[in-house]
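Worksheet: one structure, shown below.
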Amino acid sequence: MRPPMKPRLRFAPSPTGYLHIGGARTALFNWLYARKHGGTFVLRIEDTDQERSTKESLQAILDGLTWLGIDWDEGPGKEGAHGPYFQMQKLAHYAKVAQQLIDTGWAYRDYSTEEELAAARKAFAAEKGLKEGDDLRSAGFKFSSPWREKKDTSDKPALIRFKMPRREGRFGFDDQVLGRIEKPYDDFDDFVIMRSDGVPLYNFGCVIDDHDMAITHVARGQEHINSTFAQLMLYEALGWTPPLFAHIPLIFAQDNSKLSKRKHPEADVMRHKANGILPHALINFIARLGWSHGNEEIFTRDDLIQKFDFEHVGKSQGVWNPEKLTATNKHWLKNTEPLQLAMALLPYLQAAGVPDAACDAKLELGVRAFNERSATLVEMAEKLKPYYAKGVTIDGAAAAKHLGPEGKALLAKAKTELEALKEWTAAIIDPVVMVVATAANVKAGAVAQPIRVAATGGTASPGIGVTLELLGREETLHRIDAALR
RNA sequence: GGCCCUGUCGUCUAGUGGCCUAGGACGGAGCCCUCUCACGGCUUAAACCCGGGUUCGAAUCCCGGCAGGGUCACCA
Numbered sequence: 002m003r004p005p006m007k008p009r010l011r012f013a014p015s016p017t018g019y020l021h022i023g024g025a026r027t028a029l030f031n032w033l034y035a036r037k038h039g040g041t042f043v044l045r046i047e048d049t050d051q052e053r054s055t056k057e058s059l060q061a062i063l064d065g066l067t068w069l070g071i072d073w074d075e076g077p078g079k080e081g082a083h084g085p086y087f088q089m090q091k092l093a094h095y096a097k098v099a100q101q102l103i104d105t106g107w108a109y110r111d112y113s114t115e116e117e118l119a120a121a122r123k124a125f126a127a128e129k130g131l132k133e134g135d136d137l138r139s140a141g142f143k144f145s146s147p148w149r150e151k152k153d154t155s156d157k158p159a160l161i162r163f164k165m166p167r168r169e170g171r172f173g174f175d176d177q178v179l180g181r182i183e184k185p186y187d188d189f190d191d192f193v194i195m196r197s198d199g200v201p202l203y204n205f206g207c208v209i210d211d212h213d214m215a216i217t218h219v220a221r222g223q224e225h226i227n228s229t230f231a232q233l234m235l236y237e238a239l240g241w242t243p244p245l246f247a248h249i250p251l252i253f254a255q256d257n258s259k260l261s262k263r264k265h266p267e268a269d270v271m272r273h274k275a276n277g278i279l280p281h282a283l284i285n286f287i288a289r290l291g292w293s294h295g296n297e298e299i300f301t302r303d304d305l306i307q308k309f310d311f312e313h314v315g316k317s318q319g320v321w322n323p324e325k326l327t328a329t330n331k332h333w334l335k336n337t338e339p340l341q342l343a344m345a346l347l348p349y350l351q352a353a354g355v356p357d358a359a360c361d362a363k364l365e366l367g368v369r370a371f372n373e374r375s376a377t378l379v380e381m382a383e384k385l386k387p388y389y390a391k392g393v394t395i396d397g398a399a400a401a402k403h404l405g406p407e408g409k410a411l412l413a414k415a416k417t418e419l420e421a422l423k424e425w426t427a428a429i430i431d432p433v434v435m436v437v438a439t440a441a442n443v444k445a446g447a448v449a450q451p452i453r454v455a456a457t458g459g460t461a462s463p464g465i466g467v468t469l470e471l472l473g474r475e476e477t478l479h480r481i482d483a484a485l486r
C-alpha cells in the first residue's frame, strides 16, 4: 500500500479589504485540516481585481492571519516550489493556458464590445417590457456571444470565453460537507475566463493555481458552489484532476443578513483585537460557529487540530453571537497562564494610559486578580489602571454609605493593624479584616467595605488582601489617610 | 425568475430509525457560596417548519408544501 498523499490546502484571499471573519474561518478550517494531517498550508493572493486590490489590504490580511496564529508554509514571504503566490505575477502563464484552451476548441476569443453587450441588455429589457433598474437576471437575460462559432484570430482586443459543451443531463461532485451536488449542463452558459487586458478571471486563475500548487482540498464558502461547477468544466477541458471540495456555510449577522464589511463592524477580525479579544478565544469561537465535536465547547489549539474534520462542519448558515464570543473570551482569560496573559495585556495597559506598566510581579498579581473579573483585555486594563495611579477619587455614594462616622472609626482601627504588619502580602493582610471585625463585634463586611472604598474609591474590588497588596503598602496607607481626613 | 443549498430551544449546536418524556453551550429567570465585585455550584423556562407517506417504531428515511440563503459580471 502506498502512503496516503499529504494534503495541500490553501487560503486564497483577494486583497480588497481587511480580513473578514468569514475569510478567517475559511482560512482556519483549511489550516486545521492541513495541520491535522501533516500537510501543507498555502497562502495565495488573488490580486487580479486591480481596481480594488491594495497593498494596505494585503498587509491587513497578513496581519490578521498572523494575529490569529494561522501560519502558512508557502506564500508571501515564504517562497516554495509552487510559486509565484501572487496571481498578477503569472499573467504569461495564464495566457498560455488560455491559448491551449482555444487551440483545443474549449475556448474562443470574443470581440464583442461593452457597447454591444449594453445594447443586448437594452433590447432584452425592451422586449420584456422591463423598466430601468429591474433585475435582468431574474427576468432570464443571457448573453450569447456571436463569436462562439466564428473563427477569428485577429489581434483586436478580445476577451476569452470558455465554450461550455452542449450536453444533456447533469454533472456534479461529491462535496465533503454537503454530499453530492449536481446541476444540469444546460444551466451553464459560456463564461469569461480572461479579460481583454489579459488578466484572468477568478474561476480561471483559481483552477490553474490550484493545479499548479498541487492543492488536494479546497474548503471555501458556500457562495462558491456555483463557481465550483464552472471550475469543474475547466478541469475537464484541461484534463486535470480536480481537488476535493468542501463548501462551508456562511456567517450571518444578528439582523440575519450576510455579515458584511459595510454594515457590521464585527466582520473585521482586527476589530476584535482592538476590543480586547484574545486571538485564541476568537479562534475557538469561530471554529464552533459551523463546526462541532459532540457537546464540547472549549478547545485548545491542539484540540482543534486533532479533532477537526469536514464531516462535522454544519450545513446551515450560522448567526454571529457576540455574547458567546464574550463568554468564550472570559473562559480563556481565566484559563491562560497569568504570565502569558500579562504579556498580552501590556499593550492594552499602555494604551489605557499606564506607560510605566511592565511585565513584572505586580502585573502578574493584577492579572490573577482581574482575569476572572473582566470580559476583555480592554476592560482588564481599565480596571487595573487605578492600581498604578497615585491617589484615588472616592465615589460619593460609596463614601456616604461606608465612610460615615462608624465606618471611619473601623477604618482607623484597621489602619493601625495594617501599619503594624511586617509583611505586605494578601495572605498576611486578609486576617486584619476579621481581627478588627471581631474586636468591634461587627460583621466582616462592616470593616472590609470602608477599607475598600478608601483604597479603590468604589465598592467593588477583588478580596481586600489582594487589593491592598496590589496597591502596595505606601499607596494603601496614603489613600486611607486621605479618606480619614 | 432559473438552478443550487439549507431548515432541532432566542443563538451556536448534539442527534446518522428504538438509548429522545430531545442533550450541551451562550443568553434569560431563580437559589447557594461570600468582606464587595467576580468566580464557582445548583435549579428552571425554552426547540425537532408544516402536511403526507414508509415502518412495529421517525427529529432521524421518502414525497409535497412553506421558509431562509446562495448564485446567475471583462468582482472574487
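All you need for my numbering is the position in the first sequence, starting with 1, plus 1. Glycine residues also receive a C-beta, built at the ideal position from the N, C-alpha and C atoms. What you are looking at is a predicted structure, and each value in this text was computed from that prediction instead of being measured.
CA-to-CA distance, residue j to residue i, given in whole angstroms
{"i": "G464", "j": "R453", "result": "9 Å"}
{"i": "F286", "j": "I226", "result": "25 Å"}
{"i": "G84", "j": "W73", "result": "13 Å"}
{"i": "N31", "j": "A288", "result": "11 Å"}
{"i": "L342", "j": "P348", "result": "11 Å"}
{"i": "P77", "j": "L59", "result": "10 Å"}
{"i": "R474", "j": "K262", "result": "50 Å"}
{"i": "Q351", "j": "L251", "result": "37 Å"}
{"i": "A96", "j": "D303", "result": "43 Å"}
{"i": "A427", "j": "E383", "result": "22 Å"}
{"i": "F230", "j": "A247", "result": "13 Å"}
{"i": "R110", "j": "K152", "result": "9 Å"}
{"i": "E115", "j": "A159", "result": "11 Å"}
{"i": "T154", "j": "S317", "result": "47 Å"}
{"i": "M435", "j": "L422", "result": "15 Å"}
{"i": "D135", "j": "D156", "result": "36 Å"}
{"i": "K416", "j": "A345", "result": "36 Å"}
{"i": "A353", "j": "W321", "result": "28 Å"}
{"i": "A25", "j": "G277", "result": "18 Å"}
{"i": "M381", "j": "N372", "result": "7 Å"}
{"i": "G315", "j": "F300", "result": "17 Å"}
{"i": "S228", "j": "A127", "result": "30 Å"}
{"i": "Q308", "j": "P339", "result": "The amino acid occupying residue 308 in the given sequence is Lys; Gln does not appear at that position. When rounded, the distance between both Cα atoms is 27 Å."}
{"i": "A28", "j": "D176", "result": "18 Å"}
{"i": "S50", "j": "L233", "result": "The residue you asked about is not Ser; residue 50 is Asp in the sequence shown. Roughly 22 Å between the two C-alpha positions."}
{"i": "E418", "j": "E407", "result": "17 Å"}
Continuous alpha helix (DSSP H) stretch holding residue i: start and end
{"i": "V287", "result": "As written in the sequence, residue 287 is Ile, which differs from the Val given in the question. Residues 280-289."}
{"i": "D482", "result": "474-485"}
{"i": "Y109", "result": "That residue, Y109, is in no alpha helix (DSSP H); its beta strand (DSSP E) goes 108-111."}
{"i": "T114", "result": "Here T114 belongs to no alpha helix (DSSP H), and DSSP marks it neither H nor E."}
{"i": "I22", "result": "22-37"}
{"i": "D213", "result": "203-213"}
{"i": "R162", "result": "Per DSSP, R162 belongs to no alpha helix (DSSP H); it is in the beta strand (DSSP E), 160-163."}
{"i": "K91", "result": "Segment: none, K91 is in no alpha helix (DSSP H) and carries neither H nor E."}
{"i": "T67", "result": "56-69"}
{"i": "V355", "result": "Careful: V355 lies outside any alpha helix (DSSP H) and carries neither H nor E."}
{"i": "I226", "result": "226-239"}
{"i": "K558", "result": "The requested residue 558 does not occur in the structure, where the chain is confined to residues 2 to 486."}
Short Cβ contact (8 Å threshold) for residue i with residue j
{"i": "A13", "j": "E47", "result": "yes"}
{"i": "G40", "j": "R9", "result": "yes"}
{"i": "R122", "j": "L137", "result": "yes"}
{"i": "P387", "j": "T468", "result": "no"}
{"i": "K184", "j": "R196", "result": "no"}
{"i": "V98", "j": "I209", "result": "yes"}
{"i": "Y19", "j": "M271", "result": "yes"}
{"i": "N204", "j": "F189", "result": "no"}
{"i": "S54", "j": "T105", "result": "no"}
Residue from the options whose Cα sits closest to the Cα of residue i
{"i": "E80", "options": "A447, T67, V43", "result": "V43"}
{"i": "A376", "options": "R196, L279, A415, G446", "result": "L279"}
{"i": "N257", "options": "A82, G319, Y34, R11", "result": "G319"}
{"i": "R167", "options": "F174, Y186, G173, D175", "result": "Y186"}
{"i": "T477", "options": "A413, A254, N442", "result": "A413"}
{"i": "L63", "options": "S15, Y34, T49", "result": "S15"}
{"i": "L364", "options": "E297, L471, D396", "result": "L471"}
{"i": "I161", "options": "A484, I103, H332, S54", "result": "I103"}
{"i": "G392", "options": "E169, A359, L283, A484", "result": "A484"}
Residue i, enclosing beta strand (DSSP E) - first and last residue
{"i": "H248", "result": "245-249"}
{"i": "A220", "result": "218-222"}
{"i": "F12", "result": "9-12"}
{"i": "L342", "result": "That residue, L342, is in no beta strand (DSSP E); its alpha helix (DSSP H) goes 339-352."}
{"i": "L44", "result": "41-44"}
{"i": "K184", "result": "180-185"}
Practice task
Counting only runs of 4+ residues fully inside the region 420-454, write out the alpha helix (DSSP H) ranges in chain order.
Solution key: List check, alpha helix (DSSP H) in window: 427-441.
Problem - Uninterrupted alpha helix (DSSP H) stretches inside the region 368-410 (no shorter than 4 residues) - result: Counting only runs of 4 or more, we get 378-385, 397-403.
Handout entry: Sequence ranges, alpha helix (DSSP H) only - wholly within the region 293-322, length at least 4
Key = DSSP runs (the alpha helix (DSSP H)) wholly in the region 293-322: 302-308.
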